[in-house]
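A.B. asks: Chains A and B, in that order, are what the protein sequence lines are. For the first sequence, position 86 (counting from the first letter as 1) is numbered 86 according to the numbering used here, and the numbering increases by one without interruption. For the second sequence, position 5 (counting from the first letter as 1) is numbered 5 according to the numbering used here, and the numbering increases by one without interruption.
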Amino acid sequence: MTVHDVIESLGADVAVKGDTTRLVTSGYACDLLSEVIAKAAPGSAWATIQTHVNVIAVAAMVGISVVIVCEGRTCESDVLEHATKEHLTVLYSRDSAYTVSGKLYLLGLR
Amino acid sequence: MSLEQSVEALRYLGLFSSLDASSIMSTAVHALHPEDRVAAARLLMREKSISGVPIVDADFRLVGLVSVSKIIEALADGRLADPVDSVMTRDVISLHAHDSFETILSCFQRFKFGRFPVVEDDGRLVGMITDTDVLSAIIRSFYSVYIHDQRRAVTLGSFSALSKEFESSADFVYDIRCRGLENAGEGSAQLKAFLQNKGFGEPIVRRASVCAYEAEINVCIHAGGHGSLRAIARNGEIILRVEDEGPGIENIDLAMKEGWSTATDAIRELGFGAGMGLPNIRRFSDHLVIISGKDKPTKVEMIFLEGKE
Chain A
1 MTVHDVIESL GADVAVKGDT TRLVTSGYAC DLLSEVIAKA APGSAWATIQ
51 THVNVIAVAA MVGISVVIVC EGRTCESDVL EHATKEHLTV LYSRDSAYTV
101 SGKLYLLGLR
Chain B
1 MSLEQSVEAL RYLGLFSSLD ASSIMSTAVH ALHPEDRVAA ARLLMREKSI
51 SGVPIVDADF RLVGLVSVSK IIEALADGRL ADPVDSVMTR DVISLHAHDS
101 FETILSCFQR FKFGRFPVVE DDGRLVGMIT DTDVLSAIIR SFYSVYIHDQ
151 RRAVTLGSFS ALSKEFESSA DFVYDIRCRG LENAGEGSAQ LKAFLQNKGF
201 GEPIVRRASV CAYEAEINVC IHAGGHGSLR AIARNGEIIL RVEDEGPGIE
251 NIDLAMKEGW STATDAIREL GFGAGMGLPN IRRFSDHLVI ISGKDKPTKV
301 EMIFLEGKE
């Protein structure tokens with residue numbers, strides 16, 4: 001599936017519309033950046049409650065396809081600017097990372 | 001355990017199997033020709049502190065070896081002015097450039113010599129292996145070496161041989177100047193793009209940039225955001241060096257433990273300081289040297305070999 005499909009199915013708000021034709025091939029949920037950078041697969045959808053600018057740096061480093069910021073949290077504008085520069089899609093969801101992960105799993109992401 | 005049993009165990013475990021004679025030998029070799037005088041061999045041994053001089057023909061093919069004991073005999077017989085041809089050992093036990101680590105160890109064990117010349121297929125001399133070379137190779141091949149005091153830094157000084165290159169010929173240089181955590185990771189992002197441009201494969205680029213990121217974050221969290229990130233990237237090998245100006249790591253062994261961190265709660269809130277930085281670096285690098293200490297700068301040097309994934 002693509003980032004576009006994830007947006008459609010999650011019903012999350014789009015904070016930054018990056019490259020939505022990118023493939024999403026896997027998922028990861030974690031708030032410890034070192035864990036994400038070490039273990040998330042390139043092409044993942046990443047669910048987190050972190051909202052600062054390093055989220056974008058980590059996502060770019062790993063090759064994350066879409067970041068889903070959970071629990072109704074939002075990012076500062078500089079974070080969104082950075083994401084725009086990286087063509088990275090950032091979504092806001094009111095759900096917890098658990099629920100978002102469940103939804104992604106049901107979509108077929110393993 | 002006898003040396004023989006140890007060699008057997010090494011073979012069984014596959015330890016050091018990547019080390020062959022050409023990777024262990026020292027290539028800064030001094031040789032003489034058969035017509036040179038014994039006195040020249042004596043002088044060479046004294047000046048270079050070596051215990052044996054290989055003798056080569058005009059094509060650099062190994063034809064003999066003069067050891068300390070031969071020099072002593074020649075001295076006693078008053079033959080210092082004779083050509084080395086007349087005193088050298090002719091049936092020299094030599095190693096082949098592609099000989100395995102076990103073969104080399106067996107050679108030291110069987111012949112009890114302090115050094116072995118290394119030759120190519122055509123008999124040309126290409127290097128020498130001493131027991132010190134073997135020991136250095138073993139230490140170098142360890143997964144990680146942590147050096148945290150001056151004494152060990154001196155002992156393992158030869159490892160910084162790599163590092164000198166950084167002064168003159170780093171391919172990539174980034175000055176880490178971080179305010180808080182805002183632009184932390186910028187250097188690693190640039191490094192990643194640089195390595196991709198250079199044509200390195202995705203797996204090694206990922207490993208190197210993940211490690212660069214962790215080291216850069218450490219500089220930002222622990223060292224006031226001032227430091228440098230440099231890389232030498234060529235021939236399927238990436239060497240990274242991240243340095244800062246202190247305050248240093250007091251206990252490197254602790255810092256290498258997963259989950260151990262001195263980061264503040266505020267930093268942890270942001271998802272850093274999980275104590276995974278150095279463990280991640282160890283996991284993703286092929287060789288790692290960390291030099292630090294309390295109130296000292298920290299130097300982290302990492303080597304990545306393409307195709308090691």
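Quick reminder that beta carbons are idealized off the backbone N, C-alpha and C, glycines included.
Under a Cβ-count criterion, where at least 16 other Cβ atoms within 10 Å of its own Cβ denotes burial, should A/K103 be classed as buried or exposed?
C.D. replies: Answer is buried; the Cβ neighbour count reaches 16.
A.B. asks: Quick check on B/I267: buried or exposed, where buried means 16 or more other Cβ atoms within 10 Å of its Cβ?
C.D. replies: Buried is the call here.
A.B. asks: What would DSSP say about B/R283, mapped onto helix, strand or coil?
C.D. replies: Reduced to three states, the DSSP call for B/R283 is helix.
A.B. asks: Could you check whether B/F194 and B/D171 sit closer than 9 Å to each other, using their CB atoms as the reference points?
C.D. replies: Against a cut-off of 9 Å, the Cβ pair of B/F194 and B/D171 comes out as a contact.
A.B. asks: How many Å lie between B/V68 and B/T262 at the Cα?
C.D. replies: Rounded to whole angstroms, B/V68 to B/T262 spans 56 Å at the Cα level.
A.B. asks: Quick check on B/K112: buried or exposed, where buried means 16 or more other Cβ atoms within 10 Å of its Cβ?
C.D. replies: It counts as exposed.
A.B. asks: If the cut is a Cβ gap below 7 Å, which residues of chain B does A/L33 touch?
C.D. replies: Result: G271 and F272.
A.B. asks: For B/G185, is the classification buried or exposed, using 16 other Cβ atoms within 10 angstroms of its Cβ as the cut-off for buried?
C.D. replies: So B/G185 ends up on the buried side.
A.B. asks: For B/P34, which residues from the same chain have a beta carbon less than 8 Å from its beta carbon, with the 5 sequence-adjacent residues on both sides left out?
C.D. replies: Same-chain partners within the cutoff: I55, D57, V63, G64, P83, V84, D85 and M88.
A.B. asks: Can you find a C-beta in chain B that's less than 9 Å from the C-beta of A/D19?
C.D. replies: Chain B contact via Cβ: absent.
A.B. asks: Anyone know if the C-beta pair for A/R24 and B/G271 falls short of 9 Å?
C.D. replies: The question names Arg, but residue 24 of chain A in the sequence shown is Val. Cβ distance not < 9 Å, so A/V24 and B/G271 don't count as in contact.
A.B. asks: Per the contact definition of three or more C-beta pairs closer than 8 Å, is the stretch 230–248 of chain B in contact with the stretch 206–216 of chain B?
C.D. replies: The answer is yes - the stretch 230–248 of chain B touches the stretch 206–216 of chain B, with three or more Cβ pairs under 8 Å.
A.B. asks: Output the distance between the C-alpha atoms of B/S292 and B/H222, rounded to the nearest integer angstrom.
C.D. replies: Each residue's alpha carbon lies about 13 Å from the other.
A.B. asks: Determine, for B/F194, whether the minimum Cβ-Cβ distance to residues of chain A falls below 9 Å.
C.D. replies: Taking Cβ atoms only, chain A never reaches closer than 9 Å to B/F194, which makes this a no.
A.B. asks: Starting from the C-beta of B/H30, find all residues in its chain whose C-beta is less than 6 Å away, skip the five residues before and the five after it, and write them out in chain order.
C.D. replies: So the qualifying residues of the chain are L44 and K48.
A.B. asks: Using a 10 Å radius around the Cβ and a threshold of 16 neighbouring Cβ atoms, would you call B/D59 buried or exposed?
C.D. replies: B/D59 comes out exposed.
A.B. asks: Check the DSSP bridge columns for B/R124 and list the partner residues they point to.
C.D. replies: The partner list for B/R124 (beta bridge, DSSP) reads B/R61.
A.B. asks: When you compare only the Cα positions, how much space is there between B/R37 and B/E306?
C.D. replies: Each residue's alpha carbon lies about 48 Å from the other.
A.B. asks: Excluding sequence positions up to five away, which residues of its chain have a Cβ less than 6 Å from the Cβ of B/K70?
C.D. replies: Taken in chain order, the residues that qualify are V87.
A.B. asks: Name, please, each residue of chain B whose Cβ falls closer than 9 Å to the Cβ of A/H52.
C.D. replies: Going along chain B in sequence order, the residues near A/H52 (Cβ under 9 Å) are L181, E182, L270 and G271.
A.B. asks: For A/V66 versus A/A41, is the C-beta distance shorter than 9 Å?
C.D. replies: In this structure, A/A41 does not lie closer than 9 Å to A/V66 by Cβ.
A.B. asks: Determine the burial state of B/I72: buried for a count of at least 16 other Cβ atoms within 10 Å of its Cβ, exposed for fewer.
C.D. replies: It counts as exposed.
A.B. asks: Of the residues that make up the stretch 277–295 of chain B, which ones have a beta carbon closer than 8 Å to any beta carbon in chain A?
C.D. replies: Within the stretch 277–295 of chain B, the residues whose Cβ lies closer than 8 Å to some Cβ of chain A are G277, N280, R283 and F284, listed in chain order.
A.B. asks: Just mark B/V173 as buried or exposed, buried being the case when its beta carbon has 16 or more other beta carbons within 10 Å.
C.D. replies: With fewer than 16 Cβ atoms within 10 Å of its Cβ, B/V173 is classed as exposed.
A.B. asks: If you follow the beta strand (DSSP E) that B/V242 is in, where does it begin and where does it stop?
C.D. replies: B/V242 -> beta strand (DSSP E) spans E237 to D244.
A.B. asks: Taking B/L278 as the reference, which of A/E35, A/Y28 and A/V3 has the closest Cα?
C.D. replies: Out of A/E35, A/Y28 and A/V3, A/E35 has the C-alpha closest to the C-alpha of B/L278.
A.B. asks: Put B/A161 into one of helix, strand or coil per three-state DSSP.
C.D. replies: The pLDDT assigned to B/A161 is 40, lower than 50, so where the model puts this residue is not dependable; a value taken from the coordinates is nonetheless given after this. Helix, per DSSP.
A.B. asks: How is B/E258 classed by DSSP in three states: helix, strand or coil?
C.D. replies: The answer is coil: DSSP assigns B/E258 none of H, G, I, E or B.
A.B. asks: Can you pull the chain A neighbours of B/Y213, defined as C-beta to C-beta under 8 Å?
C.D. replies: Within 8 Å Cβ-Cβ: I37, A57, V58 and M61.
A.B. asks: Buried or exposed, going by whether 16 or more other CB atoms sit within 10 Å of the CB of B/P320?
C.D. replies: Residue 320 of chain B lies beyond the residue range present for chain B, which begins at 1 and ends at 309; the question has no answer from this structure.
A.B. asks: Using a C-beta to C-beta distance shorter than 9 Å, which residues of chain A count as neighbours of B/S18?
C.D. replies: Going along chain A, no residue has its Cβ under 9 Å from B/S18, so there is no contact; the nearest lies around 25 Å.
A.B. asks: Exposed or buried, what is A/Q50 when buried is set at 16 or more other beta-carbons lying within 10 Å of its beta-carbon?
C.D. replies: Buried: at least 16 other Cβ atoms inside 10 Å.
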